[in-house]
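*Asks:* The structure follows.
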């Protein structure tokens, strides 16, 4: 947290001094007046300077964006980011020439980046925010793949009469599987194991 205590002949002057030191603007800072100061006789004798403490207000979404731009740059895949916020959910849509590098095999790199961005955003946020990273409409395409996979493996469980365990997935992907099979009365789904190895098991109803 960036914070500065500054003095001046007036509160305004002290605030200006602190903002200049912090290289920020008043709308992005929190100002606490420690001493309003006192004008002395003839403006000299017994005068006391004004003292303020100014703290920079950190925007968690901006911090997360900065983090993503930095990481993508270091990976040699620079990106531009579009941000969409819906309540407590923040969607970062990334575009770039080498975006495939950031998606990775089966979206593993994208999921890891999403997890790290979630940590970054909630380090400075005063309410818990959920981060979703997307690139080239990967999330929608992945959801369709997961729904098809769910139905295919449900059939396998029914044919063999045995439980079918899926590969480990993040919670929102497991939710897609659960939802896809929620109307199928012939199978049940449950999550097993602990993160990051938590996975879904499809079991036939006997």
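Residue numbers (our numbering): 470 to 675.
Ideal Cβ placement from N, Cα and C applies to all residues, glycine included.
Fair warning: this is a prediction, and the values are worked out from it, not measured in the lab.
How big is the Cα-Cα spacing for residue 489 and residue 500?
*Replies:* Answer to the nearest angstrom: the Cα atoms are 13 Å apart.
*Asks:* With distances taken from CA atoms, which of 617, 508, 517, 492 is nearest residue 526?
*Replies:* The option with the nearest alpha carbon to residue 526 is 492.
*Asks:* List, from N- to C-terminal side, the alpha helix (DSSP H) runs of 4 residues or more that fit wholly inside the segment 604-670.
*Replies:* Within the segment 604-670, the complete alpha helix (DSSP H) runs of at least 4 residues are 607-629, 640-649.
*Asks:* Determine, using beta carbons only, whether residue 570 and residue 546 come nearer to each other than 8 Å.
*Replies:* Yes, Cβ-Cβ distance for residue 570 and residue 546 is below 8 Å.
*Asks:* Mark residue 629 as exposed unless 16 or more other C-beta atoms lie within 10 angstroms of its C-beta, in which case mark it buried.
*Replies:* Under this definition residue 629 is an exposed residue.
*Asks:* Which one or two residues does DSSP pair with residue 673 in a beta bridge?
*Replies:* DSSP lists 656 as partners of residue 673.
*Asks:* According to DSSP, which residues form a beta bridge with residue 563?
*Replies:* Answer is 550, 604.
*Asks:* Give me the DSSP bridge partner(s) of residue 599.
*Replies:* Paired residues: 558.
*Asks:* Suppose the cutoff is 8 Å on Cβ atoms and the five residues either side in sequence are ignored; what does the same chain contact list for residue 654 look like?
*Replies:* Here the set comprises 674.
*Asks:* Which residue's Cα is closest to the Cα of residue 560: 645, 616, 631, 600?
*Replies:* Ranking the options by Cα distance to residue 560, first place goes to 600.
*Asks:* Going by other Cβ atoms of all chains shown within 10 Å of its Cβ, with 16 needed for buried, is residue 608 buried or exposed?
*Replies:* Buried, by the Cβ-count rule.
*Asks:* Rounded to whole angstroms, what's the CA-CA distance from residue 594 to residue 583? Just pull it up for me.
*Replies:* So the alpha carbons of these two residues sit roughly 16 Å apart.
*Asks:* I'd like the list of long-range same chain contacts for residue 549, defined as Cβ closer than 8 Å, with 5 residues on each side in sequence excluded.
*Replies:* Around residue 549: 563, 564, 565.
*Asks:* Quick one, are the C-beta atoms of residue 586 and residue 538 less than 8 Å apart?
*Replies:* It is not a contact, given that the beta carbons lie outside the stated cut-off.
*Asks:* Figure out for me which residue from 637, 542, 495 has the closest Cα to the Cα of residue 580.
*Replies:* Residue 637 is the option with its Cα nearest to residue 580.
*Asks:* Mapping DSSP to helix, strand and coil, what is residue 508?
*Replies:* Coil at residue 508, not helix or strand.
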